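The block underneath contains the structure these notes are about, expressed in structure tokens.
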Amino acid sequence: MLPLELPAADLDELYKDAAAGLELAVDLEKQEVVRPNGQPPVKFSIDPFRRHCLINGLDDIGLTLEHRDAIESFETRRTTVWPWLDGIGYAKKGQKVVAVPTKKNGPKPTEW
Amino acid sequence: MRISVEGKIAEGVTSKDIVLHIIGVIGTAGGTGCVIEFAGSAIRELSMEARMSICNMSIEGGARAGMIAPDEITFKYLKGRPLSPRDGEEWESAEAYWRTLKSDAAAKYDIEVDIKAEDIIPTVTWGTSPQDVVQITGSVPDPSALPDGKRKDAERSLEYMGLTAGTPMDQVKIEKAFLGSCTNGRIEDLRSAARVILAAEKAHGSAKIADNVYAMVVPGSGLVKQQAEAEGLDVIFKKAGFDWREAGCSMCLGMNPDQLKPGERCASTSNRNFEGRQGAGGRTHLMSPAMVAAAALAGQLTDVRLVMGAGLSGDGGMKITSYSDFLSPVTVPAPPAQPTEKTEAGATPVKAAAAASAGLPKFNIVRGVAAPFEESNIDTDKIIPKQFLKTLLRTGLGSALFWPIRYDVESGAEKPDFCLNKEPWNKSTLLVCKGENFGCGSSREHAPWALNDFGIRCVMAQSFGDIFKNK
Numbered sequence: 054m055l056p057l058e059l060p061a062a063d064l065d066e067l068y069k070d071a072a073a074g075l076e077l078a079v080d081l082e083k084q085e086v087v088r089p090n091g092q093p094p095v096k097f098s099i100d101p102f103r104r105h106c107l108i109n110g111l112d113d114i115g116l117t118l119e120h121r122d123a124i125e126s127f128e129t130r131r132t133t134v135w136p137w138l139d140g141i142g143y144a145k146k147g148q149k150v151v152a153v154p155t156k157k158n159g160p161k162p163t164e165w
Numbered sequence: 138m139r140i141s142v143e144g145k146i147a148e149g150v151t152s153k154d155i156v157l158h159i160i161g162v163i164g165t166a167g168g169t170g171c172v173i174e175f176a177g178s179a180i181r182e183l184s185m186e187a188r189m190s191i192c193n194m195s196i197e198g199g200a201r202a203g204m205i206a207p208d209e210i211t212f213k214y215l216k217g218r219p220l221s222p223r224d225g226e227e228w229e230s231a232e233a234y235w236r237t238l239k240s241d242a243a244a245k246y247d248i249e250v251d252i253k254a255e256d257i258i259p260t261v262t263w264g265t266s267p268q269d270v271v272q273i274t275g276s277v278p279d280p281s282a283l284p285d286g287k288r289k290d291a292e293r294s295l296e297y298m299g300l301t302a303g304t305p306m307d308q309v310k311i312e313k314a315f316l317g318s319c320t321n322g323r324i325e326d327l328r329s330a331a332r333v334i335l336a337a338e339k340a341h342g343s344a345k346i347a348d349n350v351y352a353m354v355v356p357g358s359g360l361v362k363q364q365a366e367a368e369g370l371d372v373i374f375k376k377a378g379f380d381w382r383e384a385g386c387s388m389c390l391g392m393n394p395d396q397l398k399p400g401e402r403c404a405s406t407s408n409r410n411f412e413g414r415q416g417a418g419g420r421t422h423l424m425s426p427a428m429v430a431a432a433a434l435a436g437q438l439t440d441v442r443l444v445m446g447a448g449l450s451g452d453g454g455m456k457i458t459s460y461s462d463f464l465s466p467v468t469v470p471a472p473p474a475q476p477t478e479k480t481e482a483g484a485t486p487v488k489a490a491a492a493a494s495a496g497l498p499k500f501n502i503v504r505g506v507a508a509p510f511e512e513s514n515i516d517t518d519k520i521i522p523k524q525f526l527k528t529l530l531r532t533g534l535g536s537a538l539f540w541p542i543r544y545d546v547e548s549g550a551e552k553p554d555f556c557l558n559k560e561p562w563n564k565s566t567l568l569v570c571k572g573e574n575f576g577c578g579s580s581r582e583h584a585p586w587a588l589n590d591f592g593i594r595c596v597m598a599q600s601f602g603d604i605f606k607n608k
């Protein structure tokens, strides 16, 4: 979602279009709000990083996965050099975690 | 930072005494900006659980973490544990790697502190900070003898703790005794305290906690409790009049009914003696498990070495069990090794996961009708009031958007005149607000969720409440 700060004068104009039920268009690529009926668009500026994330649909996970090659090579190295760190319940790279069964038949019900 | 404790620790002195002594030397800000490595012959002799107590209190010395290099004692502790590297090739390679994990002989540390083990005797705190330590043979310090910067704090501490300067520490009477906490709740700590009771019994005939003292033993975990009961420690404690409890945080921080009343004095094995930590107005004295047991028996802080007498050395004839009887081994074979190259799907597993993750919908151009708003200071209670806040789902709140002004508060019926309830604005994808400070007030994330679920992807206003600007 985009919170867009605009000066009062521009908002007054856009309010007129909104109150009349007319269609507006917020164009993040061109950084302008397009008005109906041939009126000039309202230009705005926005933090370039936010713009990049919104245009590419990047949330925190998306931003991290941009480093997926580095993540891959680290995981390969870790399994090769320190194999015991892939412990018994370890889910490698996208697999589901398997619940490790214990020897007993499950926890004793507590009396309180 | 490296803290080296060289020499041999005397009988009756435990790792808790070592770390309290250390914090007395470096202060609670001494380790700020550092990770502490504990080294030296005295540290090398300690068991794993004793080392854990020391590292546990690194934070009290201001450090980010505490480390002790692995050695034979470490490997022996880990071998065969349920989640350790399995015996065989896996264990061999793990141990070989761990042996390389020590500081180089010529390593340079930013701060080095050297402590002689012989200087350490049973230690207790007198004040309201872990650095306010004194040996049990000493007395309450005199604030006027301290440098200017520290005098006021010391006076305040003494007033809070109800102590007079010059009082010998072994005359300070207690009302409560607490044996437990993450710092000292392990099986060896319980054995240490039980040994005190047995030695006192042998030396003086019987060993019961003093009148007016309430003493409790809280094992660090359910498994520790089981093991202690198998060794008969609970019987020893209960016979002496201690309360034997279920595992938990208990009186370490008074976040539960186990609390000190204002003015009550407690001998505690925990790690923090700040004002009100164990209960508002409560007075905490930190010390080792053995010292707490001794204090509970004597009714006042006392030197455990005197209480134990001849029984100071030796294991007191106690039954010792092995932890492995209480930890359940994991019997699942290792999962098959997955290749890290291309799978059938074509992408490597990380890339497949990346492709599968939803991410955000892309925002390039959003077209549509804009809902018009005029007011300033539209607060988030107006955007989504409290009765909708119990959900954690980000979807489903669209119909509740602007509820207080969109629906009749009494009947719950839609107000036909409100913009969002009529054409064309009931399909708005934008919102234009002429006013300032949109979305002020409470930081409920439900407010943008409600806007989003209604379909609004962009809000235009003169300014926004700071809560809408996260990161």
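From first to last, the protein sequence lines stand for chains A and B. All letters in the first sequence, in the order written, are residues 54 to 165 by this note's numbering. All letters in the second sequence, in the order written, are residues 138 to 608 by this note's numbering. Virtual Cβ for every residue (Gly too), placed ideally from N, Cα, C. This one's a predicted model, so the numbers in the text were calculated from it and none came from an experiment.
>> Count Cβ pairs between the segment 342–354 of chain B and the segment 315–323 of chain B that sit closer than 8 Å; are there 3 or more?
In response: yes
>> Rounded to the nearest angstrom, what separates alanine 72 of chain A and valine 506 of chain B at their Cα positions?
In response: 9 Å
> Is glutamate 478 of chain B buried or exposed, if buried means 16 or more other CB atoms sit within 10 Å of its CB?
Replying inline: Only weak support exists for where glutamate 478 of chain B lies, its pLDDT of 48 falling under 50; the value from the coordinates is given anyway. So glutamate 478 of chain B ends up on the exposed side.
>> Please tell me whether alanine 62 of chain A has its Cβ less than 8 Å away from any Cβ of chain B.
In response: no
> Would you report the Cα separation of isoleucine 273 of chain B and leucine 423 of chain B, rounded to the nearest angstrom?
Replying inline: 11 Å
>> What does the Cβ neighbour count give for arginine 130 of chain A, buried or exposed, with the cut at 16 atoms within 10 Å?
In response: Burial call: exposed.
> In or out: histidine 158 of chain B buried (at least 16 other Cβ within 10 Å) or exposed?
Replying inline: buried
> When DSSP labels each residue in this structure, what does histidine 158 of chain B get in the three-state scheme?
Replying inline: helix
> Would you call phenylalanine 374 of chain B buried or exposed, if buried means 16 or more other Cβ atoms sit within 10 Å of its Cβ?
Replying inline: buried
>> Along the segment 91–125 of chain A, where does the CB come closer than 8 Å to a CB of chain B? Name the residues.
In response: Cys106, Leu107, Ile108, Asn109, Gly110, Leu111, Asp112, Ile114, Gly115, Leu118, Arg121, Ile124, Glu125
>> Using a Cβ-Cβ distance cut-off of 8 Å, determine whether proline 162 of chain A contacts chain B.
In response: no
> Just curious, the alpha helix (DSSP H) that proline 101 of chain A is in, first and last residue?
Replying inline: 101–109
> If we count Cβ pairs, one from each stretch, closer than 8 Å, do we get three or more for the segment 160–178 of chain B versus the segment 138–145 of chain B?
Replying inline: The answer is yes - the segment 138–145 of chain B touches the segment 160–178 of chain B, with three or more Cβ pairs under 8 Å.
>> With H, G and I counted as helix, E and B as strand and the rest as coil, what does DSSP make of valine 79 of chain A?
In response: strand
> Whole-angstrom Cβ separation of valine 261 of chain B and methionine 306 of chain B, contact assumed at under 8 Å?
Replying inline: 6 Å
>> Going by C-alpha to C-alpha distance, which of B:Thr211, B:Leu530, B:Asp590 sits closest to phenylalanine 539 of chain B?
In response: Proximity to phenylalanine 539 of chain B across B:Thr211, B:Leu530, B:Asp590 peaks at B:Asp590, based on C-alpha coordinates.
> Does threonine 477 of chain B get closer than 8 Å to chain A when you measure Cβ to Cβ?
Replying inline: Residue placement at threonine 477 of chain B cannot be trusted, given a pLDDT of 49 that sits under 50; the coordinates are not used to answer.
> Three-state secondary structure (DSSP) at threonine 262 of chain B?
Replying inline: strand
> Cα separation between valine 277 of chain B and aspartate 100 of chain A?
Replying inline: So the alpha carbons of these two residues sit roughly 60 Å apart.
> Can you tell me the Cα-Cα spacing of tyrosine 68 of chain A and leucine 59 of chain A, whole angstroms?
Replying inline: 12 Å
> Of all the alpha helix (DSSP H) runs that stay within the bounds of the segment 517–597 of chain B, which reach a length of 4 or more residues?
Replying inline: 517–520, 540–543, 583–591
>> Please state the DSSP three-state secondary structure of glycine 203 of chain B.
In response: strand
> Can you list the residues of chain A that arginine 594 of chain B reaches, using a CB-CB cut of under 7 Å?
Replying inline: Per Cβ cutoff of 7 Å: Met54, Leu55.
> From threonine 237 of chain B to leucine 215 of chain B, what does the alpha carbon distance come to, in whole angstroms?
Replying inline: 16 Å
> Interface residues of chain B around proline 136 of chain A at Cβ under 8 Å?
Replying inline: Glu227, Ser230
> Taking Cβ positions only, does isoleucine 502 of chain B come closer than 8 Å to chain A?
Replying inline: Chain A, which has a Cβ nearer than 8 Å to the Cβ of isoleucine 502 of chain B, makes this yes.
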